[in-house]
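Per my numbering, the sequence shown runs over residues 52 to 465.
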Amino acid sequence: MGTFNHLRQDFPILDQQVNGEPLVYLDNAATTQRPTLVLKQLMHFYQTDNANVHRGAHTLAERATADYEAARQKVQHFIHATKPEEVIFTKGCTDALNLVASTYGEQNIQAGDEIVISVAEHHSNLIPWQQLALKKGATLKYIGLTPDQELDLDQAKQLITPRTKIVAVAHASNVLGTVNPVRQLAELAHANGAVMVVDGAQAVPHMPVNVQDLGADFYAFSGHKLMAPTGIGVLYGKAALLEAMPPYQYGGEMIGEVHQQTSTWAPLPYKFEAGTQNIAGAVGLGAAIDYLNALGMDQVAAHEKELVNALLPQLLAIPSVTVYGPQDPAKHTGVIAFNLGHLHPHDLATALDMEGIAIRAGHHCAQPLMEALNVPATARASLYIYNTQADVDRLITAIKKAKEFFRIGTGETK
Ligand code: 7TS
C-alpha cells in the first residue's frame, strides 16, 4: 500500500478544506477529479492549437485535427479496438447508449423481439431500451440478482433466446460494486443471434478493458469518470455494425454529399459525429488516458483492491451497517453502497460532509435496483486512484461518529 500516495498532489482540487477539515473525496462513481496534466493539456490546446477540425485549410485547423485524431487513437489502444474508426466521440456514456438504441435499435428491433438487460442497470442503460421496446412493441426482460446480489447468470441463460435481439448490461455496477460476467453474456447473446451492448462507465476508469476479449459489439463510457472533462464520452462499435447503421444526428461534418432532396453520409467514424464536436474534451480525454497508462491499469486496479480490502471489513464490522452487493472484498469493486440502520442516507451524507468527506446518497439512477433491494436509497462511497488508507480511516471514524450522534442501534433516534 502507498505507492499511489503521492498522486494526491497531482489533483489541485483535493488540496482544500471542507467544513474546516481536509477534503476526502469519495464520490468518484459520480465523477472523478482532474489531474494537473489534464488541466494543462486543455489550456495548451486552447492557447496554441484551437480551431475547428476537419476543415483544414490552415495550420491551426491541421493541428487541432491532429490532436483530436490522436485522442481517438489513444482511446482505440486503451480499450483495444481494432481500428480508430470504431471509436465514436459522444457527449458521454448516456449519449453513446442512446445512439445505439436510436440507430441500431430503431433499425433492428421489431414487434415481438426481446431486449435483455439487468435489474441493476443505471437508468442510462435502461430507459433507452425501455422506450425502444415500447415504441416497437418489443419486450424488455430483466436478469435478476443471486442471493449474493450478483448478476444471476443462470437466469440469463434462460432469458437469452433466439427471440433476443439485444443484450445490454453494465460491465461494472455503479451501486453493487460487482463486475458482471460480460464475456459469458456476450457468448450467450451471440449464440442466439443478438448483439452485446456494454455500459462500461464504471469499468474503463478502474480496470484494463479489452473490448475484443469481452466480445462486446458496442461498448460505452464517459470521460469524466476517468479524470477527463465532462461532455466527452465514447461509443465503441464493431465496424461492420456501425457501417450498417443509420446516422444518429444530421448536420455538418457527417455528410458525404448533400443535394436538395437527398444526402449521403461520411465514412466512419464521422457519420456519427454531426456538428462541431467537443474537441478540447477529446484532447483532455487523451491526456487522462496518458496519465492512466503511466500508472498502469493493473496497478490502478490493484490500488483500489487494497483500499477495498481495508474498507469493506471495517464497514461490515460496524453494527447496524448494511453493505449492498457481495460482502467478500475480492468480489467487490471500489463502489460501496451501504446504509446505517434506518438513518436516511442523505442525513448520513450531510453528517459526513461536516467532517469534510464527500459521498453520494440517493437512488444512484438505479430505481429498479432500489426496488429489488427494497430500499428507497443508499449511501455510497466510491474510490479512485488518489484515495488513501487515511481516507478510508477518516470515513470509518466519521460513520462511527454519525452512528453515535444519531443514536443508531441504541433503540433511540435523534
Ligand atoms: N452507466 C453507469 C453504470 C453509470 O454509473 C453512469 C453514471 C452512467 C451510465 C451515465 O454516465 P453519464 O456520464 O452519461 O452521466 N453514474 C453516476 C452515478 O453513479 N452517480 O452519478 C452518476
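Glycine included, each C-beta is placed from N, C-alpha and C at the ideal position.
Exercise for review: Measure the CB-CB distance between T229 and P377 and report whether it falls below 8 Å.
Suggested key: Reading the sequence shown from its first residue, position 178 is the one you call residue 229. Reading the sequence shown from its first residue, position 326 is the one you call residue 377. A contact, by the Cβ cut-off of 8 Å.
Point to revise | Own chain, CB closer than 6 Å to R114, minus 5 neighbours either side, in chain order | key: Numbered from its first residue, the sequence shown carries residue 114 at position 63. Once the five neighbours on either side are set aside, the close Cβ partners of R114 are D100.
Exercise for review: Would you check if the stretch 401-417 and the stretch 67-86 touch, i.e. whether three or more CB-CB distances between them fall below 8 Å?
Suggested key: yes
Review point. So does I176 have its beta carbon nearer than 7 Å to some heavy atom of the ligand 7TS?
Key: One-based indexing of the sequence shown puts residue 176 at position 125. A small correction: the amino acid at residue 176 is Asn; Ile does not occupy that position in the sequence shown. N176: yes, Cβ under 7 Å from the ligand 7TS.
Review point. Does any heavy atom of the ligand 7TS sit closer than 7 Å to the C-beta of H414?
Key: Position 363 of the sequence shown, counting from 1, holds the residue named residue 414. The answer is no for H414.
Check your understanding: Are three or more beta carbon pairs between the stretch 429-443 and the stretch 357-367 nearer than 8 Å?
Key -> yes
Check your understanding: Could you give the uninterrupted runs of the beta strand (DSSP E) lying entirely in the stretch 213-238, keeping only those of 3 residues or more?
Key -> 215-221
Check your understanding: Does DSSP put Q440 in a helix, a strand or coil?
Key -> By 1-based counting over the sequence shown, the position of residue 440 is 389. Of the three classes helix, strand and coil, the one that applies to Q440 here is helix, per DSSP.
Review point. Once you ignore the five residues that flank V69 on each side, which residues in its own chain have a CB closer than 6 Å to its CB?
Key: The residue you call residue 69 lines up with position 18 of the sequence shown. These residues qualify, in order along the chain: G407.
Review point. Exposed or buried, K276, counting other C-beta atoms within 10 Å across all chains shown (16 or more means buried)?
Key: In the sequence shown, residue 276 corresponds to position 225, counting from 1. Label assigned to K276: buried.
**Study point:** Q67 - partner residues in DSSP beta bridges
**Key:** By one-based count along the sequence shown, residue 67 stands at place 16. DSSP, once it has assigned bridges, lists no residue as partnering Q67.
Check your understanding: Looking at C-alpha atoms only, which residue of K192, P380, G282, H105 is the closest neighbour of E120?
Key -> What you label residue 120 is simply residue 69 of the sequence shown in a count that begins at 1. For the residues K192, P380, G282, H105, the minimum Cα distance to E120 belongs to H105.
**Study point:** Three-way DSSP call (helix, strand, coil) for A432 in this model
**Key:** Against the sequence shown, residue 432 aligns to sequence position 381. Looking at A432 - three-state DSSP - the assignment turns out to be strand.
Check your understanding: Secondary structure at G274, three-state DSSP: helix, strand or coil?
Key -> Position 223 of the sequence shown, counted from the start, is the residue given in the question as residue 274. Three-state DSSP puts G274 in a helix.
Exercise for review: State the beta-bridge partners of W180 as determined by DSSP.
Suggested key: Walking along the sequence shown from the start, residue 180 turns up at place 129. Paired residue(s): none; W180 is not in a bridge.
Review point. Roughly how many angstroms lie between the CA atoms of H310 and G282, to the nearest whole one?
Key: As a working mapping, residue 310 is identified with position 259 in the sequence shown. As a working mapping, residue 282 is identified with position 231 in the sequence shown. Taking the straight line joining both Cα atoms gives about 32 Å.
Check your understanding: Unbroken alpha helix (DSSP H) runs of length 4 or more, entirely within the stretch 301-355: which are they?
Key -> 330-346
**Study point:** Simplified DSSP assignment, three categories, for T116
**Key:** Counting from one through the sequence shown, the residue named residue 116 turns up at place 65. In this structure, T116 counts as helix in the three-state DSSP scheme.
Point to revise | CB contact check: D199 to chain C, cutoff 8 Å | key: No chain C appears in the structure shown, which is made up of a single protein chain.
Check your understanding: Given a threshold of 16 other Cβ atoms within 10 Å of its Cβ, counted over all protein chains shown, does P256 qualify as buried or as exposed?
Key -> Along the sequence shown, one-based indexing puts residue 256 at 205. So P256 ends up on the buried side.
Practice item. Answer yes if the stretch 260-274 comes into contact with the stretch 287-298, meaning at least three C-beta pairs across the two stretches below 8 Å, and no otherwise. Key: Yes, since at least three Cβ pairs between the stretch 287-298 and the stretch 260-274 fall closer than 8 Å, the two stretches touch.
**Study point:** Close Cβ partners of E72 (< 7 Å) along its chain, the five nearest in sequence each way excluded
**Key:** Sequence index remark: in the sequence shown, residue 72 carries index 21 (1-based). Around E72: E406, G407.
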